[in-house]
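A.B. asks: Numbering (my numbering), first residue to last: 811 to 921.
We put the beta carbon where it would ideally sit given N, CA and C, even for glycine.
1. Where does residue 896 land, buried or exposed, given buried means 16+ other C-beta within 10 angstroms?
2. Which term fits residue 894, buried or exposed, when burial requires 16 or more other beta carbons within 10 angstroms of its beta carbon?
3. Taking residue 876 and residue 827 to be in contact with their CB atoms under 8 angstroms, please state how far apart those CB atoms are, rounded to whole angstroms.
4. Would you say residue 861 and residue 849 are within 8 angstroms of each other, going by their C-beta atoms?
5. Helix or strand or just coil, what does DSSP make of residue 824?
6. Could you please give the first and the last residue of the uninterrupted alpha helix (DSSP H) stretch that includes residue 894?
Right, dumping it as structure tokens:
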């Protein structure tokens, strides 16, 4: 599936594939929030250099808490489309730092 996505230069295919595998999420749910983390690992390790950074930001609970405090409007992630939208907003703000500044926000804000 990765080779097919890479050749088509469309990693949305791989995201959709991961989303459909039952049991990869919590309990019996399908994976969603951690899909961008997988893509980021593949991108950062240079395995697939053509993965867009816009697909590589993880809008998890810590990130959402930070965006609320910082008054950053982030779409609610409840589908693959909204996951991509959230990831893109984060990437536009932080670039190749991805979601890390938001993830670490509460740990670092008082320093």
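C.D. replies: Walking through what the data contain:
1. buried
2. buried
3. With 8 angstroms as the limit, residue 876 and residue 827 do not qualify as a contact, their Cβ atoms being about 30 angstroms apart.
4. yes
5. helix
6. 890–904
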